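Written as structure tokens, this is what we have:
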């Protein structure tokens, strides 16, 4: 299993939210490049970046920071937030991003995912953000009413190789992932699963690893010092 340290961007700054609430945004690091360098030094192979402004309003104001991180640190990066069209995907890939995360657009426009997978293959991931088992969109603000398992199966049928699953109730709460929902998802699809939200201890990581989860995003726990990235990576790799 791989650990993906997270860098969430709002107004060009590194922030964290609690349960996706933009009103809770608070700065957690001074510089995205320095943060990425620290993650790479700890052994991270892939950094998870989110454009929070893009997720909310489709703007691209954080793309310069994403490109700077890639160019200055050599990091391998995945990016999500506000990616809604084939043109958006092409633009993000042109920044040097290795994996593009389609979120709300996958729910609103499923054929986009199919087209993107046909063109870009495993460079496409789909983010499934769920609250009480149903998929949310628009930066988690709207309920699609769609069951997360059924939606995951649909995405896999379109050729999606990676699903990033977030239980919104767990995000930023340092209370552990939703193992029950992740287990149900693991049983339902064969594509790669990335656990997001609530990953906060080495025990969480060991349990996810043993469940057959492929990757886990570490966010708030890293910034509070509760989770050491190097130690997390060692546990994820079974060392």
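Numbering (this note's numbering), first residue to last: 895 to 1133. We treat Cβ as the ideally placed atom computed from N, Cα and C, and that holds for glycine. Note that the structure is a prediction, hence the values are computed from the model and not measured.
Next item on the list: Could you please give the first and the last residue of the uninterrupted beta strand (DSSP E) stretch that includes residue 905?
Entry: To locate residue 905, count along the chain shown from 1; it is residue 11. It is not in any beta strand (DSSP E) - residue 905 carries neither H nor E in the DSSP assignment.
Notebook entry, point to check: Considering only C-alpha positions, which residue in the set 1120, 953, 969, 944 is nearest to residue 1069?
Noted result: Position 175 of the chain shown, counting from 1, holds the residue named residue 1069. When only C-alpha atoms are compared, the closest one is 1120.
Check: From this set, 895, 969, 1006, 966, which residue's C-alpha is nearest residue 982's C-alpha?
Finding: By one-based count along the chain shown, residue 982 stands at place 88. Residue 982 has its Cα closest to that of 1006, out of 895, 969, 1006, 966.
Notebook entry, point to check: Which term fits residue 1056, buried or exposed, when burial requires 16 or more other beta carbons within 10 angstroms of its beta carbon?
Noted result: Taking the first residue of the chain shown as 1, we reach residue 1056 at position 162. Label assigned to residue 1056: buried.
Next item on the list: Would you mind sorting residue 1106 into buried or exposed? The rule is 16 or more other CB atoms within 10 Å of its CB.
Entry: The residue given as residue 1106 occupies position 212 in the chain shown. It counts as exposed.
Margin query: What ranges does the beta strand (DSSP E) occupy inside the region 962-990, keeping only unbroken runs of at least 3 residues that lie completely in it?
Written below: 971-974
Next item on the list: Please specify which runs of the beta strand (DSSP E), each continuous and at least 3 residues long, are wholly inside the region 1014-1061, giving them in chain order.
Entry: 1018-1025, 1028-1031, 1036-1041, 1056-1061
Next item on the list: Go through its chain and collect everything with a Cβ distance to residue 998's Cβ below 6 Å, but skip five positions before and after it.
Entry: Translated into the one-based positions of the chain shown, residue 998 becomes position 104. Here the set comprises 1031, 1032.
Notebook entry, point to check: Going by alpha carbons, who is nearest to residue 1112 out of 1102, 1093, 1060?
Noted result: Here residue 1112 refers to the residue found at position 218 of the chain shown. Of the candidates 1102, 1093, 1060, the one whose C-alpha sits nearest the C-alpha of residue 1112 is 1093.
Margin query: Distance check for residue 1124 and residue 1000, CA to CA, integer angstroms please.
Written below: Position 106 of the chain shown, counting from 1, holds the residue named residue 1000. Position 230 of the chain shown, counting from 1, holds the residue named residue 1124. Cα to Cα, residue 1000 sits roughly 33 Å from residue 1124.
Margin query: For residue 935 and residue 1004, I'd like the C-alpha separation in whole angstroms.
Written below: The count along the chain shown starts at 1 and reaches residue 935 at position 41. The count along the chain shown starts at 1 and reaches residue 1004 at position 110. If I take the Cα positions, the gap works out to 38 Å.
Check: residue 899 bridges to which residues according to DSSP?
Finding: Residue numbering aside, residue 899 sits at position 5 when the chain shown is read from its first letter. According to DSSP, which records beta bridges pairwise, residue 899 is partnered with 1112.
Next item on the list: Please go through the same chain and pick out, in chain order, the residues whose beta-carbon is closer than 8 Å to the beta-carbon of residue 1072, but skip the five residues on each side of it.
Entry: Residue 1072 sits at position 178 when you count from the first residue of the chain shown. 1061, 1063, 1064, 1091, 1092.
Margin query: Could you give the first and the last residue of the continuous beta strand (DSSP E) run that contains residue 919?
Written below: Here residue 919 refers to the residue found at position 25 when the chain shown is read from its first residue. Its beta strand (DSSP E) spans residues 915-923.
Notebook entry, point to check: Taking the alpha-carbon positions, what's the residue 1088 to residue 978 distance?
Noted result: For the purposes of this step, residue 1088 is taken as the residue at position 194 of the chain shown. For the purposes of this step, residue 978 is taken as the residue at position 84 of the chain shown. If you take the alpha carbons of residue 1088 and residue 978, they lie about 21 Å apart.
Notebook entry, point to check: Out of curiosity, what's the CA-to-CA distance linking residue 904 and residue 959?
Noted result: Within the chain shown, residue 904 is the residue found at index 10, counting from 1. Within the chain shown, residue 959 is the residue found at index 65, counting from 1. About 10 Å.
Margin query: Using a 10 Å radius around the Cβ and a threshold of 16 neighbouring Cβ atoms, would you call residue 980 buried or exposed?
Written below: Taking the first residue of the chain shown as position 1, residue 980 is located at position 86. Flag for residue 980 reads exposed.
Next item on the list: Say whether the region 1072-1086 touches the region 1041-1056, bearing in mind that this needs 3 or more beta-carbon pairs closer than 8 Å, one atom from each stretch.
Entry: yes
Next item on the list: Determine, using beta carbons only, whether residue 971 and residue 992 come nearer to each other than 8 Å.
Entry: For the purposes of this step, residue 971 is identified with residue 77 of the chain shown, where counting begins at 1. For the purposes of this step, residue 992 is identified with residue 98 of the chain shown, where counting begins at 1. Yes; because the gap between Cβ atoms is below 8 Å, this pair is in contact.
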